[in-house]
Each structure stands twice: as structure tokens, then as C-alpha cells.
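Chains as they are written, first to last, in this note's numbering: chain H, 1 to 128; chain X, 129 to 256.
The beta-carbon is built from N, C-alpha and C at its ideal position, and this holds for glycine as well.
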């Protein structure tokens, strides 16, 4: 399963802190029963639009990956939890909402990964 | 936009080659008009189930990230192209289908990112 989360109203000081984002990536896999196979990689990003700056980070887990992109000035964050194994997406979402103080959340649960091996005929395109 | 791709029938020798996967992550962003802000990170994974082994990698781009997880023994690959800016998902899908010799593909185009800032009321959950 792949859980995609767009969180709004997040704590801007947390979103702005590269060290705290690295700690999140370091700690969160074990909190949801997943296993890191790399150290977290975290980068600051400063773009053409000043309020688009933020922190991007990634950790590879045995089951696939966790990624995060933060936009402190917008109190907006994108988080992905992708595992080739099934996991409790509601519980994971609850933990993230608490950790980042999210007031509003849109999430997508996508059925993909090893437990969903099911080749389509040709090319199948879906929009969500 | 976030484009998620599950590809079947892929070239197993390509999927098994950590160096070729690193080259893909290094080259592909510029081929679709995106800008790397990190070097590709690539890891081999060997799990409890022998045929689940493969290569996992990602590269952070200014616009968000590209990730890949390969399963050579299953000729199966998961690829994510996530950009906070819009991009041509059909053209990107075509390039990936060619590069990995995919015979069957399931893809999801998810409307998220800075061009889709649109807070829901409370928590909105979608399944795809």
C-alpha cells in the first residue's frame, strides 16, 4: 500500500527545522513496524518563489520508502509512506496528524506493491 | 502532480543492475524538465523472500522526488515521479515504458502539490 498525505495547518517551526525532519525520518519507520535500510537524506530547498522554500527528505525502508516535503511558509507538507506490504493506514495517518499538528488532511491510499501483483492488460491509467 | 507507476514485464537485467538504476535516476530528471538537488541514492535489498530482492533508489529534485523499487525476479518495478509543479504525465509514462521495456503498466495520476493547494475540511480520505 502507498499512503499519500497532504497536510495543512502544520507547525511551521517543525517544518522549517532540517534536524527535526531528519529525526522524524529516523524514528518513524520503527513506530509503524517498518525497517530502515538507509540513513535519512535531508536537503533544504530554496526556489524561485521565496515562500516555496522548505525541507525535503527521504529514507529507504526494507518495505519501500518514506518521503517528506515541507513548505513552512505555507504550513503545508507532503508525506508518502510506501510499503510493498500492507499496513494500518488509519493509524499511520493519526500518528502523522498528531506529530505535525495537522488541522486539515487529504490522503490517498493506493493499492500497489507486492501484495497487489495483478498485471493489467496493456496500459491502465487512473486519476485520483 | 504525482505519477505512480507499477510496471510489469520489465527487463530483468536492467532491474537487477544497481549502476543502471543509478544512471536512470541521474539522467531522467533533466529528460522531463526537472532539476536534481541531490545525487541519486541507490541500495540493494535482500529480504526474507528470495524473489523479493531488488534495487531501491531515489533522487530529490527541486520539484519533489523520483523514486524506484525494482523486483528483477518478478520483472516488476514501482516508479514515482512527484513534482509540486504540473508535468506531462502521458509523455513521462511513455518514456518510462520504453526505458524499462514495460509490457503492462498501471499508473495513477494524483492531483497534489503546490498547484493544488486546496485544504479539505477536516480529514478527507480517498482510495485509489
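With 8 Å set as the bound, which would you pick, yes or no: does the beta-carbon of residue 248 of chain X sit closer than that to a beta-carbon of chain H? yes
Proximal residues, the segment 182-198 of chain X versus chain H, C-beta separation under 7 Å: Those residues of the segment 182-198 of chain X that come within reach of chain H (Cβ to Cβ, closer than 7 Å) are 184, 186, 188, 190, 192, 193, 195 and 197.
Counting pairs of Cβ atoms below 8 Å between the segment 95-111 of chain H and the segment 186-204 of chain X, do you hit three or more? no
Proximity to residue 38 of chain H [Cα-Cα], best of X:164, X:171 and X:248: X:171
Neighbouring residues, chain H, relative to residue 160 of chain X (Cβ below 7 Å): Simply none; closest approach about 17 Å.
Does the separation of the CB atoms of residue 69 of chain H and residue 47 of chain H fall below 8 Å? Residue 69 of chain H is not a Cβ neighbour of residue 47 of chain H, given a cutoff of 8 Å.
Apply the 10 Å Cβ neighbour rule to residue 49 of chain H and answer buried if 16 or more other Cβ atoms are within range, or exposed otherwise. exposed
Classify residue 131 of chain X as helix, strand or coil using the three-state DSSP reduction. In this structure, residue 131 of chain X counts as strand in the three-state DSSP scheme.
Taking the alpha helix (DSSP H) that residue 117 of chain H falls in, what are its first and last residues? Note, residue 117 of chain H: premise wrong, no alpha helix (DSSP H); not H, not E.
Would you please verify whether the beta carbon of residue 21 of chain H is less than 8 Å from any beta carbon of chain X? It does not: the Cβ of residue 21 of chain H has no partner Cβ on chain X nearer than 8 Å.
I'd like the list of long-range same chain contacts for residue 80 of chain H, defined as Cβ closer than 6 Å, with 5 residues on each side in sequence excluded. 4 and 67
Confirm, please, whether the CB-CB distance from residue 31 of chain H to residue 58 of chain H is below 8 Å. No, Cβ-Cβ distance for residue 58 of chain H and residue 31 of chain H is not below 8 Å.
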